[in-house]
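Residue numbers (this note's numbering), protein chains in the order written: chain A, 197 to 556; chain B, 197 to 556.
Positions of the beta carbon are idealized from the N, C-alpha and C atoms, including for glycine.
Bear in mind that the values here come from a model prediction, so they are computed numbers and not experimental data.
Protein chains: 2
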Amino acid sequence: MPGSAQNGGDNWRRKGAGSKGAGSAPRNQPRGARMSDVAKIAGVSAMTVSRALRDPKIVNLETLKRIQSAIEKVGYLPNRIATSLSLRRSNVVGQILPSLRDSLFVDTIQGVADTLGNSYNLLIADSGYSLEGEEAAIEAFLSQKVCGLLLHNTDHTPRARRMIKEAGVPCVETGNLIKQPIDMAVGFSNYEAAFAMTEYLIGKGYRRIGFISLPIKDNERAAKRREGYVRALQKHGRAVDKSIIMESQPGLRNGGLAFAHLVKSRKDLDAVFLTGDVLAVGAVLEAGRQGWRIPKDVAIAGSDDNELQENLLPTLTSIRFPRYEIGRHAARLLLDRIETDATDSVIMDLGFKIMERQSA
Amino acid sequence: MPGSAQNGGDNWRRKGAGSKGAGSAPRNQPRGARMSDVAKIAGVSAMTVSRALRDPKIVNLETLKRIQSAIEKVGYLPNRIATSLSLRRSNVVGQILPSLRDSLFVDTIQGVADTLGNSYNLLIADSGYSLEGEEAAIEAFLSQKVCGLLLHNTDHTPRARRMIKEAGVPCVETGNLIKQPIDMAVGFSNYEAAFAMTEYLIGKGYRRIGFISLPIKDNERAAKRREGYVRALQKHGRAVDKSIIMESQPGLRNGGLAFAHLVKSRKDLDAVFLTGDVLAVGAVLEAGRQGWRIPKDVAIAGSDDNELQENLLPTLTSIRFPRYEIGRHAARLLLDRIETDATDSVIMDLGFKIMERQSA
DNA sequence: TTGAAAGCGATACCAG
DNA sequence: CTGGTATCGCTTTCAA
Numbered sequence: 197m198p199g200s201a202q203n204g205g206d207n208w209r210r211k212g213a214g215s216k217g218a219g220s221a222p223r224n225q226p227r228g229a230r231m232s233d234v235a236k237i238a239g240v241s242a243m244t245v246s247r248a249l250r251d252p253k254i255v256n257l258e259t260l261k262r263i264q265s266a267i268e269k270v271g272y273l274p275n276r277i278a279t280s281l282s283l284r285r286s287n288v289v290g291q292i293l294p295s296l297r298d299s300l301f302v303d304t305i306q307g308v309a310d311t312l313g314n315s316y317n318l319l320i321a322d323s324g325y326s327l328e329g330e331e332a333a334i335e336a337f338l339s340q341k342v343c344g345l346l347l348h349n350t351d352h353t354p355r356a357r358r359m360i361k362e363a364g365v366p367c368v369e370t371g372n373l374i375k376q377p378i379d380m381a382v383g384f385s386n387y388e389a390a391f392a393m394t395e396y397l398i399g400k401g402y403r404r405i406g407f408i409s410l411p412i413k414d415n416e417r418a419a420k421r422r423e424g425y426v427r428a429l430q431k432h433g434r435a436v437d438k439s440i441i442m443e444s445q446p447g448l449r450n451g452g453l454a455f456a457h458l459v460k461s462r463k464d465l466d467a468v469f470l471t472g473d474v475l476a477v478g479a480v481l482e483a484g485r486q487g488w489r490i491p492k493d494v495a496i497a498g499s500d501d502n503e504l505q506e507n508l509l510p511t512l513t514s515i516r517f518p519r520y521e522i523g524r525h526a527a528r529l530l531l532d533r534i535e536t537d538a539t540d541s542v543i544m545d546l547g548f549k550i551m552e553r554q555s556a
Numbered sequence: 197m198p199g200s201a202q203n204g205g206d207n208w209r210r211k212g213a214g215s216k217g218a219g220s221a222p223r224n225q226p227r228g229a230r231m232s233d234v235a236k237i238a239g240v241s242a243m244t245v246s247r248a249l250r251d252p253k254i255v256n257l258e259t260l261k262r263i264q265s266a267i268e269k270v271g272y273l274p275n276r277i278a279t280s281l282s283l284r285r286s287n288v289v290g291q292i293l294p295s296l297r298d299s300l301f302v303d304t305i306q307g308v309a310d311t312l313g314n315s316y317n318l319l320i321a322d323s324g325y326s327l328e329g330e331e332a333a334i335e336a337f338l339s340q341k342v343c344g345l346l347l348h349n350t351d352h353t354p355r356a357r358r359m360i361k362e363a364g365v366p367c368v369e370t371g372n373l374i375k376q377p378i379d380m381a382v383g384f385s386n387y388e389a390a391f392a393m394t395e396y397l398i399g400k401g402y403r404r405i406g407f408i409s410l411p412i413k414d415n416e417r418a419a420k421r422r423e424g425y426v427r428a429l430q431k432h433g434r435a436v437d438k439s440i441i442m443e444s445q446p447g448l449r450n451g452g453l454a455f456a457h458l459v460k461s462r463k464d465l466d467a468v469f470l471t472g473d474v475l476a477v478g479a480v481l482e483a484g485r486q487g488w489r490i491p492k493d494v495a496i497a498g499s500d501d502n503e504l505q506e507n508l509l510p511t512l513t514s515i516r517f518p519r520y521e522i523g524r525h526a527a528r529l530l531l532d533r534i535e536t537d538a539t540d541s542v543i544m545d546l547g548f549k550i551m552e553r554q555s556a
């Protein structure tokens with residue numbers, strides 16, 4: 197229902213909204229020039245045109261020139277659909293993410309796009325955070341005959357795994373690293389990262405460290421982070437207190453609310469580790485509203501570091517993940533597999549960094 | 197050069213990075229089942245299978261069942277490349293944005309993806325903020341035979357415009373509204389928005405209002421906003437002082453620096469309007485560092501409202517643009533054009549909202 | 001309701 | 001260096 201509820205009875209400022217204008221679009225399906233048209237004009241066969249496009253060196257220079265001018269004359273654009281059918285291989289890579297809206301993923305997408313360059317195109321879809329959604333997108337992409345697949349989750353439906361394997365399409369899973377990828381994997385260990393941050397906080401002398409993450413259900417990353425937190429506490433002989441382990445819905449506001457709730461309910465907390473989305477940023481802002489001094493009253497640590505976090509007041513101690521690099525490497529692995537006969541199953545751990553700042 | 201410089205001599209925490217594992221990928225190009233294979237198993241012709249998939253009702257129920265079980269048996273997946281070639285029309289929509297990394301655009305992408313649904317796929321590319329980059333992406337997409345095109349700019353190379361028109365592909369330009377779209381346009385007026393915000397500030401009693409935008413060169417949106425600011429001042433009989441009109445590179449930090457520079461150089465400023473990217477957020481954070489009271493010492497107004505801006509301290513007065521809605525409407529227009537014989541040239545103004553908050 | 005034949009626009013292969 | 005022919009996998013058209 198686009199634009200009905202959202203804009204109903206609104207007070208948006210606009211001018212002459214929805215004007216249907218005078219112009220008209222070209223309806224005469226011109227069915228652009230084909231290779232054979234170019235060939236005819238240049239006085240050669242279609243095959244020669246094909247060669248001229250693909251490998252100009254093997255074509256007579258004179259012929260080549262005639263072909264090129266014919267191409268310009270009719271404004272010929274190769275039909276990549278026909279090429280793909282003939283070659284039985286497309287030049288399209290498919291990437292599926294939980295959500296496109298989440299700014300966490302845009303760096304990875306850009307890393308992929310930058311690496312693909314001009315020879316490949318990127319098909320993109322979101323799973324809506326559901327395995328069924330992912331399966332549907334995978335099916336659609338395999339139907340499109342993508343030459344490679346990039347998945348964010350490492351958790352998939354059995355049918356999804358089977359389809360990918362049967363299609364024999366190169367596939368890179370990004371995000372949380374696992375032991376048994378479908379094909380290849382690039383990412384970092386959410387477990388290790390949360391473990392390291394928890395140890396960092398312990399090392400800084402905090403005695404009672406709360407933990408807030410996104411809901412664990414159907415979220416392997418959040419689950420692994422909580423596990424890392426718990427194990428780090430245990431390693432250092434700290435009690436694991438379930439009453440200071442919370443979940444929060446995504447969003448700045450929700451993170452702030454969860455944080456305030458936790459701090460108010462447990463006066464002995466001296467640090468809170470919020471991981472996922474913008475939860476930690478919300479906590480810093482909420483602390484400001486409450487008048488709590490960070491880190492003196494309570495310390496805050498976050499994850500998914502970005503420019504905002506290093507400019508907040510106070511600046512936020514956080515885990516930095518190499519999201520752009522993950523995109524680059526994932527795409528690179530795909531291209532290597534496609535363009536060479538590389539066949540190794542690769543698991544690439546790009547690690548993480550603890551960014552020590554003012555908040556903890 | 198992926199991963200060399202960026203990770204060279206680093207101190208990222210990882211485990212056994214770059215392990216080349218034991219596994220191996222399926223190399224035996226299985227060339228999945230074709231429609232004729234399904235047909236053979238079901239004891240019918242390929243045409244009947246085609247009909248069964250496209251319009252099950254017109255096929256005998258018994259036959260249909262045999263076909264369906266044959267499909268499951270061989271794990272048949274339709275080849276959309278072949279369909280597209282045969283139909284001379286793909287089910288892929290192409291969207292081109294200045295950058296994928298910029299979180300400003302993700303809402304629009306999501307709006308598009310949500311509207312396309314399961315029947316269409318989304319090809320995406322970035323122009324790298326250059327007209328040449330956009331032209332290259334348009335050419336690639338037209339070669340892929342996209343059934344519709346979504347452009348962010350309203351400024352294009354002549355060749356790009358010509359190619360789109362000659363291909364006869366439905367096209368929606370989003371972003372700044374213009375009078376002469378290639379085909380259709382959805383967006384808002386940057387001029388009107390900046391004009392309205394400037395009038396708002398004047399109405400609040402601010403006497404001397406500075407202006408900071410992204411660099412105007414090759415940025416029609418920024419140019420229109422500055423024009424709106426200037427005209428609003430003129431309408432209200434205010435002097436236009438070039439020394440308090442600045443440009444800033446994108447980024448939180450840069451916005452903060454530009455803001456601090458402006459405030460320090462002109463002690464009589466009582467408000468600054470920062471438009472574009474996260475400039476205004478950077479200004480609020482910088483004010484915090486400097487110890488300036490907002491809006492008492494100086495007021496701040498921004499644009500591109502989001503959840504962060506309404507949770508900053510102080511909350512930020514800002515212009516809200518309906519980015520998600522733009523995506524939805526743009527995609528809807530495209531689908532209408534594709535699926536019906538609609539031919540109207542539409543210019544749709546979705547407006548904007550001034551969000552009045554604490555900072556101005 | 002079903003099937004046979006002729007494309008869609010390019011490329012691989014084999015001759016010349 | 002160049003051209004003819006078969007083919008990629010599906011759909012349209014026309015018969016049966």
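Below-8 Å beta-carbon distance, GLU335/B vs any chain A residue:
yes
Which first and last residues belong to the beta strand (DSSP E) in which PHE384/A is found?
380–384
On the DSSP letters alone, give me the boundaries of the beta strand (DSSP E) that ILE515/A sits inside.
513–516
Give the DSSP-derived three-state secondary structure of ASP298/B in the structure shown.
coil
By DSSP's criteria, LEU335/B is part of a beta bridge. Which residues make up the other side?
Looking at the sequence shown, residue 335/B is not Leu but Glu. None, per the DSSP bridge assignment.
Chain-ordered residues of the segment 256–274 of chain A with a beta carbon less than 8 Å from chain B:
GLY271, LEU273 and PRO274
Return the Cβ separation of SER555/B and VAL459/B in integer angstroms, given the expectation that the two are a contact with Cβ distance under 8 Å.
The pair is not a contact, with the Cβ atoms about 14 Å apart (cut-off 8 Å).
If you compare alpha carbons, which of PHE517/B, ALA456/B and GLU423/B is closest to ILE496/B?
ALA456/B
Taking the alpha carbon of LEU465/A as the reference point, which residue from THR471/A, ASP473/A and VAL494/A has its own alpha carbon closest?
Proximity to LEU465/A across THR471/A, ASP473/A and VAL494/A peaks at VAL494/A, based on C-alpha coordinates.
Compare the C-alpha of LYS463/A against each of ALA476/A, GLY406/A and SER499/A and name the closest.
GLY406/A
Which residues of the segment 461–475 of chain B have a Cβ closer than 9 Å to any Cβ of chain A? Give them in chain order.
VAL474
Identify, in the order they occur along the chain, each residue of the same chain with its Cβ nearer than 8 Å to the Cβ of PHE337/B, setting aside the five sequence neighbours on each side.
Within the same chain, Cβ atoms closer than 8 Å to the Cβ of PHE337/B are found at GLY290, ILE292, LEU319, ALA321 and LEU345, the five residues on either side in sequence being excluded.
For ILE543/B, count neighbouring Cβ atoms within 10 angstroms of its own Cβ and tell me buried if that reaches 16, exposed if not.
Buried, because 16 or more other Cβ atoms sit within 10 Å of the Cβ of ILE543/B.
Applying a beta-carbon distance threshold of less than 7 Å, which residues of chain A neighbour VAL576/B?
Outside the shown range of chain B (197 to 556) lies residue 576/B, about which nothing can therefore be said.
Does DSSP put LYS549/B in a helix, a strand or coil?
strand
Could you confirm whether any beta carbon from chain A is found closer than 8 Å to the beta carbon of GLN306/B?
yes
What first and last residue would you give for the beta strand (DSSP E) that runs through ALA321/B?
Here the beta strand (DSSP E) through ALA321/B covers 317–322.
For a cutoff of 8 Å on Cβ pairs, would you count LEU397/A as touching chain B?
Interface annotation, LEU397/A: not in contact with chain B, CB-CB separation never under 8 Å.
If you check the beta carbons only, do TYR387/A and LYS431/A fall under 8 Å apart?
no
3-residue-minimum beta strand (DSSP E) runs that sit fully inside the segment 451–534 of chain B, ordered along the chain:
List check, beta strand (DSSP E) in window: 467–471, 495–499 and 513–516.
Does the separation of the CB atoms of HIS348/B and PRO294/B fall below 8 Å?
yes
Near ALA309/B, which residues of its chain fall below 6 Å by C-beta distance, leaving aside the five closest residues on each side in sequence?
LEU318
Taking only three categories from DSSP, how would you classify ILE412/A?
coil
Which residues in chain B sit within 7 Å of LEU338/A, going by Cβ to Cβ distance?
LEU273, listed in chain order.
Between the alpha carbons of ALA333/B and LEU327/B, how many angstroms are there, rounded?
10 Å
Using a 10 Å radius around the Cβ and a threshold of 16 neighbouring Cβ atoms, would you call VAL436/A buried or exposed?
For VAL436/A, the number of other beta carbons within 10 angstroms of its own is below 16, and it is reported as exposed.
Where PRO222/A sits in the DSSP three-state scheme:
With a pLDDT of only 30 at PRO222/A, under the threshold of 50, the placement of this residue in the model should not be trusted; the figure read from the coordinates follows. Coil.
Just to confirm my understanding: we take ALA238/A, look at its own chain, exclude 5 residues before and 5 after, and list those with CB closer than 6 Å. What are they?
ARG262, ILE263 and ALA266
Tell me which residues of the segment 441–462 of chain A have at least one Cβ-Cβ distance to chain B shorter than 9 Å, keeping chain order.
GLY447, LEU448, ARG449 and GLY452
Is the beta carbon of GLY228/A less than 8 Å from the beta carbon of GLU362/B?
yes
Do you know offhand how far ARG357/A's Cα is from VAL240/A's?
47 Å
Hey, out of ASP473/A, CYS343/A and ALA467/A, whose CA is closest to ILE490/A's CA?
ALA467/A
Would ASN372/B count as contacting chain A if we go by Cβ distances under 8 Å?
No, ASN372/B lies away from the interface with chain A (no Cβ there is under 8 Å from its Cβ).
Beta-bridge partners of GLY371/B, as assigned by DSSP
DSSP lists GLY383/B as partners of GLY371/B.
9 Å Cβ cut-off: residues of chain A touching ILE496/B
Neighbours of ILE496/B on chain A: none; closest Cβ ~15 Å, over 9 Å.
Can you find a CB in chain A that lies within less than 8 Å of the CB of VAL555/B?
First, the amino acid is wrong: residue 555/B is Ser here, not Val. So no, SER555/B is outside the interface.
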